[in-house]
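Trainee: Structure below; questions to follow.
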Amino acid sequence: MFHLDEYIDIHETHPASFRKYLRERLINKVPLENFYLIKGDVEEPEAECERLGKIINEKEVDVTFVGIGENGHLAFNDPPANFETKKPYIVVELDEHCRRQQFGEGWFKSLNEVPYKAISMSINQIMKSKNIICTVPDSRKAQAVKDCLECDISVCHPASILRKHKNAFLFLDKNSAKLLKEYKFSC
Numbered sequence: 071m072f073h074l075d076e077y078i079d080i081h082e083t084h085p086a087s088f089r090k091y092l093r094e095r096l097i098n099k100v101p102l103e104n105f106y107l108i109k110g111d112v113e114e115p116e117a118e119c120e121r122l123g124k125i126i127n128e129k130e131v132d133v134t135f136v137g138i139g140e141n142g143h144l145a146f147n148d149p150p151a152n153f154e155t156k157k158p159y160i161v162v163e164l165d166e167h168c169r170r171q172q173f174g175e176g177w178f179k180s181l182n183e184v185p186y187k188a189i190s191m192s193i194n195q196i197m198k199s200k201n202i203i204c205t206v207p208d209s210r211k212a213q214a215v216k217d218c219l220e221c222d223i224s225v226c227h228p229a230s231i232l233r234k235h236k237n238a239f240l241f242l243d244k245n246s247a248k249l250l251k252e253y254k255f256s257c
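The opening position of the sequence shown corresponds to residue 71 in this note's numbering, with each subsequent residue numbered one higher.
So this is what it looks like as structure tokens:
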């Protein structure tokens with residue numbers, strides 16, 4: 071299991087740590103033989119990207135689970151996302167919309183506490199997965215879903231790249247799908 075993204079300068083015990091989230095909700099409940107978590111609190115984030123990149127380059131990823139952010143980000147690849155880099159993991163700057171989303175979700179006490187940088191799996195690495203499962207709940211992501219499916223594939227709409235993957239599956243609820251011209255809802 072490879073971790074998608076993590077804030078820089080957030081310790082694993084912080085409520086917003088995705089390492090903490092994954093340990094509590096997955097790793098401690100499902101026995102995994104191998105899992106590779108992003109250490110966001112390392113002194114040299116670029117070295118952490120290289121460490122993870124070396125490991126993932128030796129593996130084949132069967133399934134990637136992702137979501138779409140309010141600004142259309144995939145992992146923490148905010149617009150305009152880098153569709154070109156071949157690096158598996160990259161240091162990214164979180165845009166204001168993304169930071170506001172993180173604050174709004176209740177992970178931080180104030181917007182000032184939300185980090186400005188994160189380590190993220192790159193778009194190209196996500197697209198290398200054999201299968202991509204993307205779940206997007208909630209009406210606050212409806213515009214991002216609409217842009218993903220109805221706008222041109224563009225770095226301005228990072229999640230739109232999923233349309234180029236032959237085995238990408240998008241799961242929406244009625245609220246996140248409400249702005250689409252057409253959709254079929256099934257249970």
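For every residue, glycine included, the Cβ atom is placed at its ideal position computed from N, Cα and C.
What's the gap between the Cα of A117 and the Cα of I189?
Mentor: Position 47 of the sequence shown, counted from the first residue, corresponds to residue 117. Position 119 of the sequence shown, counted from the first residue, corresponds to residue 189. Spanning the two alpha carbons is a distance of roughly 11 Å.
Trainee: Measuring alpha carbon to alpha carbon, tell me which of E94, V100 and G110 ends up nearest D75.
Mentor: The residue labelled residue 75 in the question sits at position 5 within the sequence shown. For the residues E94, V100 and G110, the minimum Cα distance to D75 belongs to G110.
Trainee: Report the rounded CA-to-CA distance for I193 versus I108, giving the unit in angstroms.
Mentor: Indexing the sequence shown from 1 puts residue 193 at position 123. Indexing the sequence shown from 1 puts residue 108 at position 38. Cα to Cα, the separation comes out at about 16 Å.
Trainee: Given a threshold of 16 other Cβ atoms within 10 Å of its Cβ, counted over all protein chains shown, does D132 qualify as buried or as exposed?
Mentor: In the sequence shown, residue 132 corresponds to position 62, counting from 1. Exposed: under 16 other Cβ atoms inside 10 Å.
Trainee: In whole angstroms, what is the alpha-carbon distance linking I125 and Y91?
Mentor: Translated into the one-based positions of the sequence shown, residue 125 becomes position 55. Translated into the one-based positions of the sequence shown, residue 91 becomes position 21. Between I125 and Y91, the C-alpha separation is close to 22 Å.
Trainee: Tell me which residues share the same chain as K200 and place their Cβ nearer than 8 Å to its Cβ, disregarding the 5 neighbours each side in the sequence.
Mentor: Working through the sequence shown from its first residue, we reach residue 200 at position 130. Taken in chain order, the residues that qualify are E130, V131, D132, V133 and N237.
Trainee: Note down the Cα distance separating C218 from L232, rounded to an integer number of angstroms.
Mentor: Numbered from its first residue, the sequence shown carries residue 218 at position 148. Numbered from its first residue, the sequence shown carries residue 232 at position 162. Looking at the two C-alpha atoms, the distance is approximately 8 Å.
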